[in-house]
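Enquirer: Below you will find the structure I want to go over with you.
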């Protein structure tokens, strides 16, 4: 298992994006008033670490997650009342058998959800 670390700068924006819009859940948080935030969020088999620690990964990271039910998930995202732009459901340029949606968080990190279609 590989766990990407995405740098964030605002805790509430991260919750709005990952929890409220994408439907992830908070697995754990490590935070105190003097220490940087480090947390794990997950949705199914997708696990991400989010941090505002200045020495962790810089903004602009990208991860690809294979999921089942991409079309239903896309429909769910486009129907949610959200300030985030609805992602386009499209075939990848590298395979006509793979569909994907790409979302970018408020901090410049991208998450691509992909599914092999038969």
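Numbering (UniProt numbering), first residue to last: 1 to 118. Glycine included, C-beta positions come from ideal geometry on N, C-alpha and C.
#1: Check residue 89 in the structure and name its three-state DSSP category.
#2: List in chain order: all unbroken alpha helix (DSSP H) runs of 4+ residues lying wholly within the UniProt domain "VOC" (1-116).
#3: Report back the beta-carbon spacing between residue 52 and residue 9 to the nearest angstrom; my notes put them in contact at under 8 Å.
#4: Can you confirm whether the segment 24-36 touches the segment 64-77 when touching is taken to mean that 3 or more C-beta pairs between the two stretches lie within less than 8 Å?
Expert: In terms of the structure at hand:
#1: coil
#2: 11-14 and 70-79
#3: 6 Å
#4: no
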